[in-house]
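Q: Starting off with a structure, shown below.
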Amino acid sequence: MPGVVDTLAGPSWPGLGYTVAHQKVELEIDFANRSLKGKTEIIIHPHYRDLRTIRLNFRQGELKRLNVSGKVPTVKYVDPYESLQLYGPHYHPRLTSKIDRLLKTPAEPDLLVTLPKSVRIEELDPFSVEAQDQMALRAPGTTDDTEGPLSSKAADTSLPRFTALTVYIEFVVENIRDGLQFVGLEGGDRRYPHAYTTNSLNHGTGCPLFPCVDDPSSRCTWEISIRCPCTLGDIFERKSRDQSGTTGSRTKNHDRFFAPDDEALDLSVVCSGDLTDDIVDPRDPSQKTASFACYSPLSARQIGFAVGPFEYVNLSDFRESDQDEQLGQNAIPLHAFCLPGRGDEVRNTCFPMAKAIDFFSLTYGSYPFASYKICFVDDAPEDTLPTACFSICSSHLLFPEEIIDPMYDSTRIITHALAVQWIGVNIVPKEPADTWVTVGVAWYITDTFMRKLCGNNEYRFRLKQMSDRVCDLDYERPSIHDMGNILSIDPSEADFIALKAPLVLFILDRRLTKASGKATMSRIISRLFLNARMGEIPNGAVTSSLFQKTCERLGHAKLDTFFHQWVYGAGCPRFQATQRFNKKKLVVEMMIKQVQSDQPSVRDLEKHAFMRDVKEEIRNVYAGVIQPVFTGSMTIRIHEADGTPYEHIVEIKEGITKFDIPYNTKYKRLKRNKRQKERAAAVVGADGNTEVQEDVLLYCLGDVLQTEEEMQQWRLADWSKEDEERMGQESYEWIRMDADFEWICKLSLVMPGYMYLSQLQQDRDVVAQLEVGQDTLLSFQTLTVS
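Quick note: the numbering used here has the sequence shown finishing at residue 789, numbered continuously throughout.
Shown next as structure tokens:
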């Protein structure tokens with residue numbers, strides 16, 4: 004398919020040759036120096052006896068000690084950040100070549116550990132005590148994917164075949180460039196000091212804080228211990244171990260002082276996993292260690308934590324009593340953390356979260372973890388940073404109860420962070436090109452909850468806006484399938500995938516539901532989550548082909564054409580339609596023409612797309628070929644003269660489609676002269692409602708501006724005699740194309756202005772009203788017809 008970046012289509016180094024079974028990480032956070040030190044133990048299962056090299060990812064740090072099963076190996080470590088220096092723009096190709104290996108998926112290893120000859124790999128007796136211990140450590144449901152880039156052909160079973168190796172590493176990260184954000188430590192910064200990880204689930208970014216296998220498909224169980232100061236006052240009041248005779252020297256940034264009440268604030272550690280221990284160091288009462296355990300298999304980039312003087316809010320209190328009784332012990336605990344003084348804003352912003360997690364659990368499948376935590380921090384690089392059972396969110400999403408403008412957007416964003424726990428964390432894309440599946444499903448189920456929360460009209464209104472936005476942006480872009488391969492080049496493309504992918508699932512659901520009469524997409528997503536929970540999806544990694552097969556199996560239809568056009572193909576259809584009533588045949592003659600190929604081949608330079616164009620040109624990323632024809636069924640709804648709507652389903656198979664729609668009503672269009680009769684009756688003092696009821700029409704917009712002065716002030720006008728005569732000769736009220744919202748497209752239907760007005764007055768569908776506002780802005784430029 005066009006748009007695929009060949010240089011990023013897979014790793015250029017062989018498989019690892021081993022599987023990570025368990026990893027233990029111990030970190031000590033130094034706020035004063037904005038650094039950390041730690042140690043890690045990685046238990047690996049070799050896939051074959053001849054394994055000689057262990058490849059790991061680690062950057063921006065310094066190794067202090069490393070051994071494999073107690074033996075000192077040969078180590079080769081190259082920090083990629085050391086290759087970055089300040090050059091001019093003319094050295095861009097040289098810089099690109101130095102960091103090119105970081106853009107691979109997965110990233111090439113930075114740390115190569117060559118096993119010494121004294122480390123022997125022996126076959127393991129499956130009935131031995133060591134084998135049983137390894138099986139207990141091994142995460143349930145994890146398998147060696149023999150087709151994945153991280154597996155070996157020799158690994159044909161999920162059981163360990165050889166003795167495990169333990170890699171022990173001590174390290175220091177003194178100059179943190181990425182992965183951990185410190186806030187409130189600068190001189191003059193009056194915010195509360197706190198720190199948090201900035202891992203992203205997107206391809207091309209990873210976990211740079213400790214040595215690991217930084218690949219989404221490499222999953223294992225975790226033990227995490229984080230050591231930090233006990234209180235806010237202990238951040239800078241650290242005992243100096245480097246200077247003799249000094250008991251309380253301040254380190255750099257020593258000019259930062261706190262109020263006495265603030266100094267006593269306890270620091271909290273919020274992390275992925277379940278809290279197992281939180282103890283104060285008996286030798287240093289100013290330090291404490293919080294320990295967490297992750298029993299579900301996770302990748303390194305799905306581990307996140309935050310440390311700060313957080314205020315706790317129990318979101319489970321917002322769960323309704325009847326829902327609490329229905330769920331019983333299956334109710335998921337919800338915890339929120341924020342900086343001091345913002346607890347009320349958290350309660351006001353996050354009160355729908357209990358309803359959201361219960362809705363997802365009952366509609367799509369049980370929550371994959373034991374609890375859910377959300378923490379609001381300052382200076383977050385993104386609105387949300389989801390990790391396993393824990394989301395780090397920007398404090399900009401919080402709003403007080405006096406403000407309602409950000410209510411919808413903030414609720415949708417934090418609800419999406421919750422939805423990612425099902426698909427995005429628990430289920431991951433197998434390849435970068437499969438990212439559209441996880442992103443699309445996460446946003447789709449988010450919007451279904453927003454429909455339950457805000458109503459169907461708001462839901463359809465937002466979908467229509469998103470559809471129009473996609474049609475404007477989906478020009479000279481790769482398909483949403485191919486875009487996954489270029490996210491490491493331009494992460495902003497993830498915004499477009501998040502915009503189009505859920506819409507594709509929505510129109511797929513509309514088409515399948517119309518064919519089967521049942522809500523299909525919810526059953527497809529539920530089956531996907533169930534298969535992942537039962538271990539039927541290897542390593543929880545979903546593919547586009549697997550998702551398509553699931554849709555075909557539950558939708559009872561072949562979807563090759565649909566996926567070829569909307570997933571593997573680029574662009575959106577643009578329809579131009581004309582209509583004419585044939586009085587002799589009593590039919591409405593319509594012609595629908597697809598004109599997406601007629602768009603200009605050269606696009607004007609736009610500031611918001613300039614850098615994207617530059618990056619894609621450098622990396623030889625080309626847009627997909629514009630499809631001349633999109634196929635599928637479209638619902639045409641004609642509101643005839645008696646006000647009855649008649650629906651007709653038309654199959655779009657060619658670039659120009661002509662068809663006749665039979666006419667059912669023998670009456671002509673109702674005349675629009677009620678307003679004049681009312682005014683005339685008011686002049687003579689008669690009752691305008693004493694006339695025959697055949698002329699009565701509903702004026703849904705109300706009768707407010709009626710006097711001559713008001714009509715002049717608001718530039719209102721009645722229909723002219725010519726318009727009245729034309730309206731009297733019409734045989735139907737108005738026509739709507741794609742009335743069931745089964746297309747992501749631009750529609751242009753030529754109708755007289757009075758037909759659009761009838762649609763606005765009488766069609767209760769919010770999408771129909773929005774279409775009238777878009778199509779008739781140019782129809783009445785001078786006077787507004789009353």
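Glycine included, every Cβ here is placed at the ideal spot set by N, Cα and C.
When the Cα atoms are used, what is the spatial distance from Arg-530 to Ala-359?
A: 20 Å
Q: Helix, strand or coil for Glu-348 per DSSP?
A: helix
Q: Could you tell me if Leu-508 is buried or exposed, where buried requires 16 or more neighbouring beta carbons within 10 angstroms of its beta carbon?
A: buried
Q: What is the residue span of the alpha helix (DSSP H) that Tyr-759 lies within?
A: 756-765
Q: Do you know how far the Cα of Lys-552 is from the Cα of Glu-650?
A: 31 Å
Q: Buried or exposed, going by whether 16 or more other CB atoms sit within 10 Å of the CB of Val-272?
A: buried
Q: Apart from the five residues on each side of it in sequence, which residues of its chain come closer than 6 Å, Cβ to Cβ, to Arg-514?
A: Glu-745
Q: Measuring CB to CB, does Arg-180 end up less than 9 Å from Pro-211?
A: yes
Q: Using beta-carbon positions only, say whether Met-593 and Ile-629 come within less than 9 Å of one another.
A: Ile-629 is positioned such that its CB atom lies no closer than 9 Å to that of Met-593.
Q: With a threshold of 8 Å, establish whether the CB of Val-431 neighbours any heavy atom of the ligand SAM.
A: With respect to small molecules bound, the structure shown includes none, and the ligand SAM cannot be examined in it.
Q: To the nearest angstrom, how far is the alpha carbon of Thr-224 from that of Phe-532?
A: Each residue's Cα considered, the two are about 20 Å apart.
Q: CA-CA distance, Arg-577 and Asn-317?
A: 49 Å
Q: Buried or exposed, going by whether 16 or more other CB atoms sit within 10 Å of the CB of Val-570?
A: buried
Q: Roughly how many angstroms separate the alpha carbons of Ala-580 and Asp-645, rounded to a whole number?
A: 24 Å
Q: Below 9 Å between beta carbons: does that hold for Ala-504 and Val-440?
A: yes
Q: Which runs of the alpha helix (DSSP H), 4 residues or longer, sit entirely within the segment 516-556?
A: Qualifying alpha helix (DSSP H) stretches, in chain order: 524-536.
Q: What is the rounded straight-line gap between the Cα of Val-28 and the Cα of Arg-222?
A: 15 Å
Q: Please return the same chain residues whose Cβ sits closer than 6 Å to the Cβ of Ser-394, not counting the five positions on each side in sequence.
A: Ile-377, Thr-387, Ala-420
Q: Taking the CB atoms as reference points, tell me whether Glu-314 and Cys-341 lie closer together than 9 Å.
A: yes
Q: Taking the alpha helix (DSSP H) that Lys-656 falls in, what are its first and last residues?
A: Note, Lys-656: premise wrong, no alpha helix (DSSP H); not H, not E.
Q: Please report how far the alpha carbon of Lys-60 lies from the alpha carbon of Leu-115, in whole angstroms.
A: The displayed chain sequence assigns Asn, not Lys, to residue 60. When rounded, the distance between both Cα atoms is 9 Å.
Q: Measure from the alpha carbon of Tyr-478 to the alpha carbon of each residue in Ile-124, Phe-165, Phe-499, then state which is nearest.
A: Of the candidates Ile-124, Phe-165, Phe-499, the one whose C-alpha sits nearest the C-alpha of Tyr-478 is Phe-499.
Q: Among Pro-481, Asp-450, Ser-121, Pro-163, which has the Cα closest to the Cα of Lys-467?
A: Asp-450
Q: Given this structure, state the Cα-to-Cα distance separating Val-598 from Glu-496, to the nearest angstrom.
A: 26 Å
Q: Taking contact to mean at least 3 C-beta pairs separated by less than 8 Å, is the segment 285-293 in contact with the segment 167-176?
A: Because the criterion of three Cβ pairs below 8 Å is not met, the segment 285-293 and the segment 167-176 do not touch.
Q: By DSSP, does Asp-113 sit in helix, in strand, or in coil?
A: coil
Q: Hey, quick one: how far does the beta strand (DSSP E) through Asp-33 stretch, first residue to last?
A: 21-33
Q: What does the Cβ neighbour count give for Thr-414, buried or exposed, with the cut at 16 atoms within 10 Å?
A: Counting Cβ neighbours within 10 Å, Thr-414 comes out buried, since at least 16 surround it.
Q: When burial is assigned at 16 or more other CB atoms within 10 Å of the CB, is Tyr-21 buried or exposed?
A: buried
Q: Can you give me the C-alpha to C-alpha distance between Thr-169 and Asn-459, rounded to a whole angstrom?
A: 55 Å
Q: Out of curiosity, what's the CA-to-CA distance linking Glu-65 and Val-81?
A: 10 Å
Q: Specify the secondary structure class of Pro-389 as computed by DSSP and reduced to three states.
A: If DSSP states are grouped into helix, strand and coil, Pro-389 belongs with the strands.
Q: Does the segment 299-313 come into contact with the segment 334-349, if we say contact requires no fewer than three beta-carbon pairs (one atom in each stretch) closer than 8 Å?
A: yes
Q: First and last residue of the alpha helix (DSSP H) that includes Lys-455?
A: Counting along the chain, Lys-455 sits inside the alpha helix (DSSP H) bounded by residues 438-457.
Q: Please classify Val-769: does DSSP put it in a helix, a strand, or coil?
A: helix
Q: For the segment 294-367, list the beta strand (DSSP E) runs that are entirely contained and at least 3 residues long, ordered along the chain.
A: 308-311, 314-317, 337-341
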